[in-house]
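>
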Amino acid sequence: MNKDYYEILGIQKTASEAEIKRAYRKLAHQFHPDKSGGDEKKFKEVSEAYQVLSDPEKRKQYDQFGHTFDYQSTAGGQGQGFGFGGFDYSGFGGQGVEFDFSNLGDIFDVFFGGERTREARGRDIERRIEINFEEAVKGASLPIELEKNIVCPRCKGNKAEPGTEKVTCPECKGAGKKETIRTTILGQFKSIATCEKCKGEGTIPKVNCHECGGAGISRQKVTLDVVIPAGIREGMTIRVPGGGEAIESGKSGDLYLEINIKSHPQFYRKEDDIYLDIEINFAQAALGDKINVPIIGGTRQINIPAGIQSGNEIRLRGLGFPRLNHFGSGDEIIKIKVITPKRLTREEKRLFEELRKLGE
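Positions in the sequence shown are counted from 1; adding 88 to them yields my numbering.
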């Protein structure tokens, strides 16, 4: 029984071109065989349905005949053919056609950024790591431990036990791919798929590698040294090319590390500036003073100007976070808080009384 193309895409028969495209993109993402959990059979069904419904002429013919159209319905059992866009979809007497991908360009845009060729690659890995405040300011090189698929160290991905040879794949006879022909209401569609036994290589090991069992990859714990750039911000992601999962043939995926920065007991960040709250007493505020304040990696002496007010700021140029992709750094900003004493000695009370009288 032929399948309903509208049902395959999960849309109504009144769906617009935009709705058809949206449904196709969603399902193509879901079932693409290169994705984790992908389904090559369903991906082909979705692509076939879109091939017909995205073309106004083909859709019109499909709507006219319906998914129960019988190729044998004409008198004498003669096959009935009908033409779409210059192709003869006779679907009878062995007169099949190649599956036409001429209007499927957007699937390449979805998965491969507009490129019409793609390269097999492993799955990406995503992790969240925590760094301290100082490492965010100065940068660091950190060891990241992962358990992932890597190219088998014994056979180097060759799949065969070292010292043994590989032989021609009996399934595809060395072609690396297999051809299948499906008969639908629109005729015969020929598809070419990668051979599942040899994974497109055309050869298989005569003796499988003893370490990976002929898979070409093995799962192991590895440690990667990852450079954390100075000035990185909370929530930023670092991409480590090739740090993801390896596959039997092709490139490894990438490693993506989302950065979480631990809070600091003294410092806090605004943009590329480092802020520090400092408390001083009335005498220091009134008379001025010289004090040592913490900076990243040490201390710095600063001048408290006489008459400074609570909430005033003192700026230390260039002692903040380095500006990513720009020259220079932010500043360290000292925020002054003048503390009012809660308990006074007799002498302190006497002195404050005299100051109050002077101010009257």
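Glycine included, every Cβ here is placed at the ideal spot set by N, Cα and C.
1. According to DSSP, which residues form a beta bridge with D377?
2. Distance check for A281 and E107, CA to CA, integer angstroms please.
3. Can you tell me the Cα-Cα spacing of D365 and Q372, whole angstroms?
4. Just verifying my parser: in three-state terms, what is the DSSP assignment at A281?
5. Given a cut-off of 8 Å on the beta-carbon distance, is the pair I368 and I424 in contact?
6. Sort out for me which residues DSSP pairs A228 with in a bridge.
7. Taking 8 Å as the cut-off, decide whether the C-beta atoms of G319 and L404 are in contact.
8. Along the beta strand (DSSP E) that carries E346, what are the first and last residues, could you check?
9. Residues in its own chain within less than 6 Å of A228 by CB, not counting five upstream and five downstream?
10. Report yes if the CB atom of T311 is closer than 8 Å to the CB atom of E401, and no otherwise.
11. For F440, which residues in the same chain have their Cβ closer than 8 Å to its Cβ, ignoring the five residues on either side in sequence?
12. Using 8 Å as the threshold, is the C-beta distance between I305 and I335 below it?
13. Go to F355, then tell me how far its beta strand (DSSP E) extends in each direction, as first and last residue.
14. Is the Cβ-Cβ distance between E136 and F277 less than 8 Å?
Straight from the coordinates:
1. Per DSSP, I392.
2. One Cα belongs to E107, the other to A281, and the distance between them is close to 29 Å.
3. It is roughly 15 Å from the alpha-carbon of D365 to the alpha-carbon of Q372.
4. A281: strand per DSSP, three-state reduction.
5. Between I368 and I424, the CB-CB gap stays under 8 Å.
6. Under the DSSP definition of a beta bridge, A228 partners with I316.
7. If you check the CB distance, G319 and L404 do not come in under 8 Å.
8. Where E346 is concerned, the enclosing beta strand (DSSP E) stretches over L343 to I349.
9. Closer than 6 Å at the Cβ level, and outside the excluded window around A228, lie I316.
10. It is not a contact, given that the beta carbons lie outside the stated cut-off.
11. Within the same chain, and ignoring the five residues on either side of F440 in sequence, the residues whose Cβ sits closer than 8 Å to its Cβ are L432.
12. Here I305 is near I335, since their CB atoms are less than 8 Å apart.
13. F355 -> beta strand (DSSP E) spans F355 to K358.
14. In contact: E136 and F277 (Cβ atoms closer than 8 Å).
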